[in-house]
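A.B. asks: Sharing a structure here in structure tokens format.
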């Protein structure tokens, strides 16, 4: 879509894993996304950071705006050695959101942290550029996303 391609270089993966910390009120969504991306056959381990490891991703909340063009969430890649990337939940747009909406946002942004890019809305994907309407959220890993993941990580 628009020249985007999956990329290990745009991921938070480090030595076959993503180490995470969190400072988010959306714990259910974070836990759900992590466990869902750890489906049978997935290669990348997503594990909590420890005192002996380097944090790859922090889940956090911020005010990212309320306009129609403002995101529900965002993955921020910082890319330098030892830098922490962020999965940010937009508190302003997610206030009062359903459990499925929150889980969709976490799954989508963690997909970016795994190196996946946006997909055309002509295929069923977590990685659409535009979020589905409330009540129509994807809360599983569709085959097209598993295929993209497998191309990157085996």
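Numbering (full-length UniProt numbering), first residue to last: 1 to 154. Cβ atoms here follow ideal geometry from the backbone N, Cα and C, with glycine treated the same way. None of the values given here were measured: they were computed from a predicted structure.
Give me, in chain order, the residues of the same chain whose beta-carbon lies closer than 6 Å to that of residue 12; leave out the 5 immediate sequence neighbours on both sides.
C.D. replies: Excluding residues within five positions, the ones whose Cβ falls inside 6 Å are 18, 56, 57, 85, 113.
A.B. asks: Tell me, to the nearest whole angstrom, how far the beta carbon of residue 104 is from that of residue 87; I am working on the premise that it is less than 8 Å.
C.D. replies: Actually they are not in contact, since the Cβ atoms of residue 104 and residue 87 sit about 13 Å apart, beyond 8 Å.
A.B. asks: Looking at the ligand FAD, does it come within less than 7 Å of residue 115, judged from the CB to the closest heavy atom?
C.D. replies: As far as ligands go, the structure on display features none, and thus does not contain the ligand FAD.
A.B. asks: Between the Cα of residue 124 and the Cα atoms of 134, 115, 139, 110, which residue gives the shortest distance?
C.D. replies: For the residues 134, 115, 139, 110, the minimum Cα distance to residue 124 belongs to 139.
A.B. asks: Among 59, 22, 40, whose alpha-carbon lies nearest the alpha-carbon of residue 109?
C.D. replies: Considering only alpha carbons, the answer is 59.
A.B. asks: Looking only at C-alpha atoms, which of 153, 137, 14 sits nearest to residue 99?
C.D. replies: Out of 153, 137, 14, 137 has the C-alpha closest to the C-alpha of residue 99.
A.B. asks: For the alpha helix (DSSP H) containing residue 73, list its first residue and its last residue.
C.D. replies: Run containing residue 73: none in the alpha helix (DSSP H); it sits in the beta strand (DSSP E), 73-76.
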